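Number of protein chains: 2
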Amino acid sequence: MIKVMLADDQALVRGALATMLGLESDMEVVAQVGTGDDVVPTATQVKPDVALLDVQMPGKDGLTAAAELRAALPGCRVIILTTFGRPGYLTRAMSAGAAGFVVKDSPPEQLVDAVRRVHAGLKVVDPALAAESLSSGSSPFTDREREVLLAAKDGGTVADVAKVLFLSEGTVRNHFSAAIGKTGARTRAEAVRIAEERGWL
Amino acid sequence: MIKVMLADDQALVRGALATMLGLESDMEVVAQVGTGDDVVPTATQVKPDVALLDVQMPGKDGLTAAAELRAALPGCRVIILTTFGRPGYLTRAMSAGAAGFVVKDSPPEQLVDAVRRVHAGLKVVDPALAAESLSSGSSPFTDREREVLLAAKDGGTVADVAKVLFLSEGTVRNHFSAAIGKTGARTRAEAVRIAEERGWL
DNA sequence: TGCCTGCCATGACAGCTGTCATGTCGGTTA
DNA sequence: TAACCGACATGACAGCTGTCATGGCAGGCA
Numbered sequence: 015m016i017k018v019m020l021a022d023d024q025a026l027v028r029g030a031l032a033t034m035l036g037l038e039s040d041m042e043v044v045a046q047v048g049t050g051d052d053v054v055p056t057a058t059q060v061k062p063d064v065a066l067l068d069v070q071m072p073g074k075d076g077l078t079a080a081a082e083l084r085a086a087l088p089g090c091r092v093i094i095l096t097t098f099g100r101p102g103y104l105t106r107a108m109s110a111g112a113a114g115f116v117v118k119d120s121p122p123e124q125l126v127d128a129v130r131r132v133h134a135g136l137k138v139v140d141p142a143l144a145a146e147s148l149s150s151g152s153s154p155f156t157d158r159e160r161e162v163l164l165a166a167k168d169g170g171t172v173a174d175v176a177k178v179l180f181l182s183e184g185t186v187r188n189h190f191s192a193a194i195g196k197t198g199a200r201t202r203a204e205a206v207r208i209a210e211e212r213g214w215l
Numbered sequence: 015m016i017k018v019m020l021a022d023d024q025a026l027v028r029g030a031l032a033t034m035l036g037l038e039s040d041m042e043v044v045a046q047v048g049t050g051d052d053v054v055p056t057a058t059q060v061k062p063d064v065a066l067l068d069v070q071m072p073g074k075d076g077l078t079a080a081a082e083l084r085a086a087l088p089g090c091r092v093i094i095l096t097t098f099g100r101p102g103y104l105t106r107a108m109s110a111g112a113a114g115f116v117v118k119d120s121p122p123e124q125l126v127d128a129v130r131r132v133h134a135g136l137k138v139v140d141p142a143l144a145a146e147s148l149s150s151g152s153s154p155f156t157d158r159e160r161e162v163l164l165a166a167k168d169g170g171t172v173a174d175v176a177k178v179l180f181l182s183e184g185t186v187r188n189h190f191s192a193a194i195g196k197t198g199a200r201t202r203a204e205a206v207r208i209a210e211e212r213g214w215l
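Keeping their order, the protein sequence lines are chains A and B. Our numbering runs 14 ahead of the 1-based position in the first sequence. Our numbering runs 14 ahead of the 1-based position in the second sequence.
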C-alpha cells in the first residue's frame with residue numbers, strides 16, 4: 015500500500031481527492047491537513063510515502079512546506095499540486111526537492127498515475143508546462159526589485175513602500191522603473207500583475 | 015436517483031467530485047463539462063435534476079450560465095460552487111435563480127447534503143457567508159464606475175480606458191476618483207483590487 | 001412649473017509617478 | 001593594480017494621476 019498525505023486548503027477538494035485516491039486498491043490516504051504549517055508535524059507522525067501539497071495554503075505555502083518536508087523526512091516523496099501552471103512555481107518546486115508537479119487541470123487518472131510513478135522513484139512533470147517554463151525562463155528581477163514589487167502588491171503607494179523598506183522614494187521609483195522595463199509593462203500595477211502571473215514573486 | 019451535472023474548469027477537481035458524489039447511493043453524475051458555454055447545451059440533452067456550477071470557468075462564468083440554465087430548464091436546480099466566498103457572488107447567484115451556494119472550503123458532506131436539500135426544493139446558503147454578504151452590502155458603484163474599473167483591471171492607463179469607452183480622460187479620472195472614495199482605497203490599482211475581492215465587478 | 005437629487009461629463013491644478021543622468025560599492029577580469 | 005561590470009541608491013524633470021469646481025441632463029416630487 016502507498017501511504018498518501020494530502021495538503022490543500024479547500025476542504026471540499028481535499029475530501030474529494032481523498033475519496034478518489036482511497037478507491038485505488040494500492041493506495042491509502044493516511045492524513046489530510048489544511049494549512050502549510052501542519053504539513054511537517056503531521057507527516058513526521060504518520061510517515062507517508064507520498065505527500066500531495068497544494069501551493070496556495072494559509073500559513074506556509076506548499077513550496078516552502080515541500081522543502082522542510084524533504085529535510086525532515088528524506089524518504090517521503092513530494093508532489094506539488096496547483097491551480098495555476100505558473101512557470102516560476104515549477105522551477106521553485108523542483109529546487110525545493112519535489113518529485114512531481116501536477117496541475118489541477120489534468121485529468122484525474124494523471125494524478126493517480128503520478129502518485130505511483132513518484133512512489134517508484136520517477137519524476138513526474140507536465141510536459142507542456144515544462145516547455146513553457148523553459149521558454150519563460152526564470153525571474154529577471156534583482157532581490158531589491160522583487161522586494162519592492164512584493165511591498166506594492168496590495169496597492170501601496172511609493173511613499174508606503176519607501177517607508178517599509180527604509181529607502182528614499184526616488185530609489186523605490188527607480189526599482190519600479192526597472193521592473194516595468196523587464197516585464198514590458200507600462201505601470202507598476204501592471205508590472206506587479208505580470209510578475210505574479212509568472213510566479214516571479 | 016438524483017441526476018447531477020458538474021461544471022468546473024479544473025478537470026482534477028471535477029473528476030474527484032464526480033467520484034465522490036457517485037459513491038452516494040441516491041446520486042448519479044450524468045454529465046461533466048469544463049466550460050461555461052457547454053452548460054446549457056449539455057443540460058438540455060441529459061436533463062439533470064441538480065447542476066453544480068463553478069463561478070470561474072472559461073467562456074461564460076457560472077453565474078451567467080446559471081441564469082441561462084434556469085431559463086432553458088426551469089425544473090433543474092442550480093448550486094453555485096466557488097473558491098472565493100465573495101459576498102457579491104452570493105447576491106448575484108441568488109438573483110440568477112440559484113437554489114444553493116457552497117464554498118469550496120466547506121466539508122465534503124456539506125456538498126452532498128446541499129445536493130439533497132436543493133433537490134427537495136429547499137434553498138442552501140452558507141450562514142457565515144450570508145451574514146457577511148448582508149454586512150458588506152451590494153455594490154456602491156454606478157454603471158459607469160464599474161465599467162471604468164473593469165476596463166482598467168489589467169493595468170491599463172487612463173488614456174487606454176478613455177479610448178475604449180469613448181470618454182475624455184478627465185471623465186475617466188473622475189470616475190476613478192469616485193471609486194477610490196467609495197472603496198476607501200488610495201490608488202485606482204487598490205480600488206480595482208478591493209472591488210474585485212468583494213465581487214463588485 | 002419649479003425645485004431638488006443623482007449620474008455623467010469636462011477642464012484646471014497640485015501632487016505623485018516613471019525616466020534619466022549620476023555616483024557609490026563590491027566582485028571579476030585583463 | 002586598474003578597468004570593468006552589475007546592483008543599489010539618489011535627485012531633477014517631464015508627464016500622468018487624483019481632486020475639485022462647474023455644468024448639463026433626466027427623473028422624482030410638491
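Each residue gets a CB set at the ideal place from its N, CA and C atoms; glycine is no exception. Quantities reported herein were computed from a predicted structural model and do not represent experimental measurements.
Residue-level contact to chain A via CB, residue i, 8 Å cutoff
i       : result
Q46(B)  : no
G29(B)  : yes
T171(B) : yes
R100(B) : no
E183(B) : no
T49(B)  : no
T33(B)  : yes
T197(B) : no
R200(B) : yes
R207(B) : yes
L125(B) : yes
Near the ligand GDP: residue i beta-carbon under 7 Å from a heavy atom
i       : result
V116(A) : The ligand GDP is absent from the structure shown, which contains no ligands of any kind.
Neighbourhood of residue i by C-beta, 7 Å cutoff - its chain only, sequence neighbours within 5 removed
i       : result
A192(A) : E159
P122(B) : M34
A166(A) : V175, R202, V206
E183(B) : V172, A173, A176
R131(A) : V138
E161(B) : L179
V69(B)  : D75, G76, L77, I94, T96, Y103
Burial state of residue i, where buried means 16 or more other Cβ atoms lie within 10 Å
i       : result
G29(A)  : buried
D119(B) : buried
K74(A)  : buried
G50(A)  : buried
F180(A) : exposed
L125(A) : buried
Q59(B)  : exposed
D40(B)  : exposed
G102(B) : buried
D22(A)  : buried
D157(A) : exposed
L136(B) : exposed
P62(A)  : buried
A86(A)  : exposed
A128(A) : buried
Contact with chain B by residue i, beta-carbon distance below 8 Å
i       : result
S120(A) : yes
A144(A) : no
E161(A) : no
T96(A)  : no
Q59(A)  : no
M15(A)  : no
E38(A)  : no
A107(A) : no
D68(A)  : no
D275(A) : Beyond the ends of chain A as shown, which are 15 and 215, falls residue 275(A); an answer cannot be given.
A203(A) : yes
A25(A)  : yes
Proximal residues to residue i (C-beta, below 8 Å), its chain only, five neighbours per side dropped
i       : result
L83(B)  : V53, V54, A57, A65, L67, C90, V92
M15(A)  : D40, M41, E42
R106(A) : L77, G213
L31(A)  : L20, D22, L66, L125
A25(A)  : G48
V18(B)  : L35, M41, E42, V43, V44, P62, D63, V64, A65, L66, V129
Cut-off 6 Å between Cβ atoms - residues of its own chain near residue i, not counting five sequence neighbours on either side
i       : result
G99(B)  : V117, L143
V139(A) : F115
K196(B) : P154
F190(B) : R202
L37(A)  : none
Quiz prompt | Whole runs of the beta strand (DSSP E) within the segment 24–72 of chain A, excluding any shorter than 3 residues | solution = 41–47, 64–68
Practice problem: Specify whether the segment 109–116 of chain A and the segment 78–95 of chain A touch according to this definition: at least 3 beta carbon pairs, one from each stretch, less than 8 Å apart. | Solution: yes
Quiz prompt | Ranges of the beta strand (DSSP E) found wholly within the segment 114–147 of chain B, counting only runs of at least 3 | solution = 114–117
Quiz item: Quick one: any contact between the segment 208–215 of chain A and the segment 32–46 of chain B, if contact means 3 or more CB pairs under 8 Å?
Solution: no
Exercise. Could you tell me whether the segment 200–209 of chain A touches the segment 165–174 of chain B, using the rule of 3 or more Cβ pairs below 8 Å?
Key: yes
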